[in-house]
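Numbering that gives the first Met the number 0 puts the sequence shown at residues 0 to 95.
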Amino acid sequence: MADNPDNNPDDLKPLLLQLIKTVNEIKQEHGSILAEHGKILAEHGKRFDQIDEQLRQVKEMVGIVRLREVARLDGRIDQLAQDIALDRHAATPRPS
(Lines of atoms letter the chains of each structure in order from A and count residues from 1; the text may use other names and numbers.)
(Lines give C-alpha, C1' and ligand atoms only; values in the text may rest on other atoms or scores of the structure.)
Protein backbone atom coordinates (compact mmCIF):
# COMPACT_ATOMS: atom_id res chain seq x y z
CA MET A 1 0.00 0.00 0.00
CA ALA A 2 2.82 2.36 0.69
CA ASP A 3 3.83 1.99 -2.95
CA ASN A 4 0.44 3.25 -4.21
CA PRO A 5 0.77 6.92 -5.27
CA ASP A 6 -2.95 7.54 -4.43
CA ASN A 7 -2.25 7.08 -0.71
CA ASN A 8 0.14 10.00 -0.34
CA PRO A 9 -0.51 11.64 3.09
CA ASP A 10 0.50 15.03 1.74
CA ASP A 11 -2.45 14.94 -0.66
CA LEU A 12 -4.88 14.23 2.19
CA LYS A 13 -3.59 16.97 4.46
CA PRO A 14 -5.47 19.88 2.75
CA LEU A 15 -8.66 17.81 2.67
CA LEU A 16 -8.36 16.95 6.35
CA LEU A 17 -7.67 20.58 7.25
CA GLN A 18 -10.74 21.68 5.27
CA LEU A 19 -12.83 18.99 6.95
CA ILE A 20 -11.68 20.11 10.42
CA LYS A 21 -12.41 23.73 9.52
CA THR A 22 -15.90 22.83 8.30
CA VAL A 23 -16.64 20.76 11.41
CA ASN A 24 -15.54 23.63 13.66
CA GLU A 25 -17.73 26.09 11.73
CA ILE A 26 -20.73 23.77 12.08
CA LYS A 27 -20.06 23.40 15.81
CA GLN A 28 -19.92 27.15 16.25
CA GLU A 29 -23.05 27.73 14.20
CA HIS A 30 -25.05 25.04 15.96
CA GLY A 31 -23.64 26.04 19.30
CA SER A 32 -25.04 29.55 18.91
CA ILE A 33 -28.36 28.14 17.70
CA LEU A 34 -28.56 25.81 20.70
CA ALA A 35 -27.66 28.66 23.02
CA GLU A 36 -30.42 30.79 21.47
CA HIS A 37 -32.89 27.94 21.83
CA GLY A 38 -31.85 27.59 25.46
CA LYS A 39 -32.57 31.28 26.03
CA ILE A 40 -35.96 30.99 24.32
CA LEU A 41 -36.89 27.93 26.37
CA ALA A 42 -35.86 29.69 29.56
CA GLU A 43 -38.00 32.70 28.66
CA HIS A 44 -40.96 30.47 27.85
CA GLY A 45 -40.41 28.65 31.12
CA LYS A 46 -40.62 31.96 32.99
CA ARG A 47 -43.80 32.88 31.11
CA PHE A 48 -45.35 29.49 31.85
CA ASP A 49 -44.51 29.93 35.52
CA GLN A 50 -46.16 33.36 35.49
CA ILE A 51 -49.24 31.98 33.75
CA ASP A 52 -49.43 29.11 36.24
CA GLU A 53 -49.24 31.58 39.13
CA GLN A 54 -51.95 33.76 37.60
CA LEU A 55 -54.14 30.71 37.01
CA ARG A 56 -53.67 29.65 40.63
CA GLN A 57 -54.71 33.12 41.80
CA VAL A 58 -57.78 33.10 39.56
CA LYS A 59 -58.80 29.66 40.85
CA GLU A 60 -58.36 30.88 44.41
CA MET A 61 -60.51 33.95 43.77
CA VAL A 62 -63.20 31.88 42.04
CA GLY A 63 -63.22 29.54 45.03
CA ILE A 64 -63.64 32.47 47.42
CA VAL A 65 -66.45 33.95 45.32
CA ARG A 66 -68.19 30.56 45.23
CA LEU A 67 -67.92 30.17 48.98
CA ARG A 68 -69.36 33.66 49.52
CA GLU A 69 -72.23 32.95 47.13
CA VAL A 70 -72.99 29.62 48.84
CA ALA A 71 -72.96 31.34 52.23
CA ARG A 72 -75.26 34.09 50.92
CA LEU A 73 -77.69 31.55 49.46
CA ASP A 74 -77.58 29.47 52.64
CA GLY A 75 -78.49 32.55 54.66
CA ARG A 76 -81.30 33.35 52.25
CA ILE A 77 -82.64 29.79 52.52
CA ASP A 78 -82.63 30.05 56.32
CA GLN A 79 -84.44 33.38 56.14
CA LEU A 80 -87.10 31.99 53.80
CA ALA A 81 -87.53 28.91 55.98
CA GLN A 82 -88.11 31.14 59.02
CA ASP A 83 -90.58 33.30 57.05
CA ILE A 84 -92.52 30.21 56.02
CA ALA A 85 -92.54 28.89 59.59
CA LEU A 86 -93.80 32.25 60.89
CA ASP A 87 -96.49 32.45 58.18
CA ARG A 88 -97.69 28.95 59.03
CA HIS A 89 -97.70 29.79 62.69
CA ALA A 90 -99.66 32.98 62.03
CA ALA A 91 -102.11 31.16 59.75
CA THR A 92 -102.99 28.47 62.28
CA PRO A 93 -106.27 29.18 64.01
CA ARG A 94 -105.98 30.02 67.64
CA PRO A 95 -108.36 28.43 70.10
CA SER A 96 -110.90 30.81 71.47
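Cβ atoms here follow ideal geometry from the backbone N, Cα and C, with glycine treated the same way.
Along the length of the region 22–78, whole alpha helix (DSSP H) runs at least 4 residues long do not occur.
Residue state for P92 is assigned as coil, using DSSP reduced to three classes. For the pair E24 and I50, the Cα-to-Cα distance works out to about 39 Å.
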